[in-house]
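In the numbering used here, the protein residues as written are 60 to 545. Scroll down for the structure; my scribbles are underneath it.
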Amino acid sequence: MNTDHYITTSIPYVNAAPHIGHALEIVQADALARYYRLRSDRVVLQSGTDENAHKNVAAAEALGTSVQALVDENSDAYAKLIRALDVELDSFIRTTEERHASGVGTLWQAMRSDDLYRKSYEGLYCEGCEDFVSDRDLVDGVCPDHNTQPAIVREDNYFFRLSRYQDRLLELIESDELRVYPAQRKREILAFVGRGLQDISISRDSHRMSGWGITVPEDPTQVIYVWIDALINYLTGIGYGSSAAWRSVWSKSATKTHVIGKNVWKFHAIYWPAMLLSAGLPIPDRIMVHGFLTAEGKKISKSLGNVIDPRELAAQWDVDPLRFYLLTLSPFSDGDFSTGRLAECYKSQLSSRIGSTVTRVTALCERNGVEQVRDTAARLPTDEFHAHMERCQLDKAVQTLMSLLAGINSEVSEYRPWEHSHRTQETVNRVEKWATTLYTFAYWIQAFIPSTGSEICAQLERVPVRKSAPLFPPRPSPNSKARPQA
Ligand SMILES: [Zn+2]
60 MNTDHYITTS
70 IPYVNAAPHI
80 GHALEIVQAD
90 ALARYYRLRS
100 DRVVLQSGTD
110 ENAHKNVAAA
120 EALGTSVQAL
130 VDENSDAYAK
140 LIRALDVELD
150 SFIRTTEERH
160 ASGVGTLWQA
170 MRSDDLYRKS
180 YEGLYCEGCE
190 DFVSDRDLVD
200 GVCPDHNTQP
210 AIVREDNYFF
220 RLSRYQDRLL
230 ELIESDELRV
240 YPAQRKREIL
250 AFVGRGLQDI
260 SISRDSHRMS
270 GWGITVPEDP
280 TQVIYVWIDA
290 LINYLTGIGY
300 GSSAAWRSVW
310 SKSATKTHVI
320 GKNVWKFHAI
330 YWPAMLLSAG
340 LPIPDRIMVH
350 GFLTAEGKKI
360 SKSLGNVIDP
370 RELAAQWDVD
380 PLRFYLLTLS
390 PFSDGDFSTG
400 RLAECYKSQL
410 SSRIGSTVTR
420 VTALCERNGV
430 EQVRDTAARL
440 PTDEFHAHME
450 RCQLDKAVQT
460 LMSLLAGINS
470 EVSEYRPWEH
480 SHRTQETVNR
490 VEKWATTLYT
500 FAYWIQAFIP
510 STGSEICAQL
520 ERVPVRKSAP
530 LFPPRPSPNS
540 KARPQA
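What follows is the structure in structure tokens.
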């Protein structure tokens, strides 16, 4: 049976423990995946860890540990974060797994043989990017992402004939056969490709990589460039190179979506589709490019000591408030994570809007003898909500759902049911309508805050419906060290 949706996150480097930015990307991907599952589509959601980077070797040396021990520990921390965030994951791949190495070799050999060639190369190399950089990438001679001056590296490498795919890539992205969200990134990518694509070096000298990485098939003197190896995780995680299962997932009929950060679109929207075209495989259908998070107004960095542990946040605030906060940030702009605003969001959105509407409507159901709310029509999303999800506008999709609650509340205030006798036909009809609308909200909000959504659905499906206890009771202030009451 073919998959309808294959959704992936990028795979983080594991030279350090995951931070709030990783939490953002995985919950965005999970919200998309859950949304399609709520539509009864067959969905595969995949994440994993990128472990073959040379910077892992450097990080392990600095810590005085082995590279394997370092990647094991940080990969495990990332897997634990995924569970703590209530993500419904189907597939997890570590690029140090044997099935990955074997699939990478298979794809290397599946690419057109005249797309791969060897030549001697000298270029500017940024250790932080683990990539050759060109003058146009630099600001005042330094890499803007790493603030370091790239070194001149000369070696003999394999190259991929990326230039051959320039016109085809322009066509695919322009025509939306490969959709990129937001539109601003699409324009940026088209402009980049339009300036001309050069062939890229896709292997490195094994010695320089301290032997860490995946060896080029039939050439032990070279390891595959870590970014090329990492991209192939989207295939190896579903079985490419180790089983036939991948064919039903990476198929033409499945919508294949990559959720990525704004710093890696060159790899996902240019290198990756070109590699797939070379190998005669389908290309991805959709790339969602999210912005970056700062923490309390500052760039997230270990040296600044402002790395917020998202697992601790999920434990302290419960997972749904954390997910709700992250998913209501504008997904395509840069955002800021602040515990003060998380507290504010908890109070004004979750407690005052969602919690109080649920209490209000369920109390009216109880008073008016509404038996059970289970209208299958309630499961139809509004066109607007659906359109936002297709365009990965997660914040706007949540706003559309929240406006259903605003609609209920204004109708209740206008009708003033407390001024009418209980259980009259008119009041019962109105309460049933409000309860059905609340059910629609609850059903679809499960994509974003799964436990809350399913809890509200369960309350409305109860016979008879009873007044709900507060879903989001008040919390101590964020500055208080005390653990909040459950
Ligand atoms: Zn760099």
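Positions of the beta carbon are idealized from the N, C-alpha and C atoms, including for glycine.
Delimiting residues of the beta strand (DSSP E) encompassing residue i
i      : result
Glu214 : Ala210 to Phe219
Gly182 : Leu175 to Cys185
Gln105 : Val102 to Thr108
His64  : His64 to Thr68
Pro279 : Asp278 to Ile283
Ile515 : Note, Ile515: premise wrong, no beta strand (DSSP E); alpha helix (DSSP H) at Pro509 to Glu520.
Lys315 : Thr314 to Gly320
Asp264 : Ser262 to Asp264
Asp190 : Asp190 to Val192
Phe391 : Where Phe391 is concerned, there is no enclosing beta strand (DSSP E), given that its DSSP letter is neither H nor E.
Tyr240 : Arg238 to Tyr240
Residue span of the alpha helix (DSSP H) that contains residue i, given as start and end
i      : result
Asp377 : That residue, Asp377, is in no alpha helix (DSSP H); it is neither H nor E in DSSP.
Cys404 : Thr398 to Cys404
Leu83  : Ile79 to Leu97
Gly164 : Glu157 to Ala169
Arg227 : Gln225 to Glu233
Met334 : Trp331 to Ser337
Tyr352 : Position check: residue 352 holds Leu in this sequence, whereas Tyr was assumed. Looking at the DSSP string, Leu352 is not in any alpha helix (DSSP H); the run it does join, the beta strand (DSSP E), is Leu352 to Ala354.
Val348 : Looking at the DSSP string, Val348 is not in any alpha helix (DSSP H); the run it does join, the beta strand (DSSP E), is Arg345 to His349.
Phe151 : That residue, Phe151, is in no alpha helix (DSSP H); its beta strand (DSSP E) goes Ser150 to Arg153.
Thr486 : Gln484 to Ile504
Glu458 : Note that residue 458 is Gln in the sequence shown here, rather than Glu. Taken as a continuous stretch (DSSP letters only), the alpha helix (DSSP H) holding Gln458 covers Leu453 to Tyr474.
Asp131 : Val126 to Ala143
Glu425 : Ser415 to Arg426
Cut-off 7 Å between Cβ atoms - residues of its own chain near residue i, not counting five sequence neighbours on either side
i      : result
Ala313 : Asn61, Thr62, Asp63, His64 and Tyr65
Asp258 : Phe218, Phe219, Arg220, Leu221 and Ser222
Ala76  : Asn133 and Ala136
His447 : Lys455, Ala456 and Thr459
Arg96  : Val102
Ala338 : Leu166, Ala169 and Met170
Pro440 : Trp503
Val611 : Because the chain here runs from 60 to 545, residue 611 falls outside it and cannot be looked at.
Ser625 : The shown model of the chain, from 60 to 545, leaves out residue 625, and the question about it has no answer.
Cut-off 6 Å between Cβ atoms - residues of its own chain near residue i, not counting five sequence neighbours on either side
i      : result
Ala422 : Lys526
Asp344 : Thr314 and Lys315
His481 : Arg426 and Asn427
Tyr293 : Thr67
Ser397 : Glu355
Leu530 : Gly414 and Val417
Gly298 : Ala304 and Trp305
His317 : Thr67, His327, Pro343 and Ile346
Same chain, Cβ closer than 8 Å to residue i, five either side skipped, listed in chain order
i      : result
Pro543 : Below a pLDDT of 50, predicted positions are generally treated as unreliable, and Pro543, at 46, falls in that range; the measurement from the model is reported next regardless. Closer than 8 Å at the Cβ level, and outside the excluded window around Pro543, lie Gln375, Trp376, Arg534 and Pro535.
Ile261 : Leu175, Asn216, Tyr217, Phe218, Phe219, Ile283, Tyr284 and Ile287
Val205 : It should be pointed out that residue 205 corresponds to His in this sequence rather than to Val. Result list for His205: Cys185, Glu186, Gly187 and Cys188, in chain order.
Pro390 : Gln87, Met347, His349, Gly350, Cys451, Gln452, Leu453 and Asp454
Gly466 : Thr496
Val487 : Asn427, Gly428 and Val429
Option in the options with minimal Cα separation from residue i
i      : options                           : result
Ala517 : Phe531, Phe507 and Tyr502         : Tyr502
Gln484 : Met448, Glu470 and Gly428         : Gly428
Asp135 : Pro71, Pro523 and Phe444          : Pro71
Ala92  : Ala82, Gly80 and Gln105           : Gln105
Arg450 : Lys114, Thr496 and Ala242         : Ala242
Lys406 : Ile504, Tyr384, Asp393 and Phe391 : Tyr384
Val275 : Thr441, Thr496 and Gln168         : Gln168
Pro380 : Pro369, Pro390 and Ile359         : Pro369
Val522 : Leu464, Ala465, Asp131 and Gln431 : Gln431
Phe500 : Glu473, Pro509, Leu463 and Tyr474 : Leu463
His445 : Ser410, Ile291 and Arg98          : Arg98
Asp393 : Asn74, Gly80, Val73 and Tyr330    : Gly80
Arg263 : Ile319, Glu371 and Thr280         : Thr280
Ile359 : Leu336, Ala328 and Asp395         : Asp395
Leu352 : Ser69, Asn74, Val73 and His78     : His78
Tyr224 : Lys245, Ser301 and Leu336         : Leu336
Lys325 : Asn488, Leu83, Lys245 and Glu147  : Lys245
Asp552 : Arg489, Ala333, Val239 and Asn74  : A question about residue 552 goes unanswered here, because the residues of the chain that appear run from 60 up to 545.
CB contact below 9 Å: residue i versus chain D
i      : result
Pro332 : No chain D is present in this structure, which holds just one protein chain.
>> With a threshold of 8 Å, are at least 3 pairs of Cβ atoms found where one atom belongs to the segment 309-321 and the other to the segment 189-204?
In response: No, because fewer than three Cβ pairs between the segment 309-321 and the segment 189-204 fall closer than 8 Å, the two stretches do not touch.
> On the three-pair Cβ rule with 8 Å, is the segment 206-219 touching the segment 172-184?
Replying inline: Counting C-beta pairs closer than 8 Å gives three or more between the segment 206-219 and the segment 172-184, which meets the contact rule.
> Per the contact definition of three or more C-beta pairs closer than 8 Å, is the segment 227-239 in contact with the segment 247-260?
Replying inline: Short answer: they touch.
> Three or more C-beta pairs closer than 8 Å, one from the segment 111-126 and one from the segment 405-419: is that the case here?
Replying inline: Taking a cut-off of 8 Å for Cβ pairs, the segment 111-126 and the segment 405-419 do not touch, as fewer than three such pairs fall below it.
> ligand 1: which residues have Cβ under 6 Å from any of its heavy atoms, chain order?
Replying inline: With 6 Å as the limit between CB and the heavy atoms of ligand 1, the residues that fall short of it are Cys185, Gly187, Cys188, Cys202, Asp204 and His205.
> Are three or more beta carbon pairs between the segment 168-177 and the segment 136-155 nearer than 8 Å?
Replying inline: Cβ pair count under 8 Å is below three, so no.
>> Does the segment 95-115 come into contact with the segment 154-162, if we say contact requires no fewer than three beta-carbon pairs (one atom in each stretch) closer than 8 Å?
In response: Look at the beta carbons and you see the segment 95-115 touching the segment 154-162: at least three pairs across the two are nearer than 8 Å.
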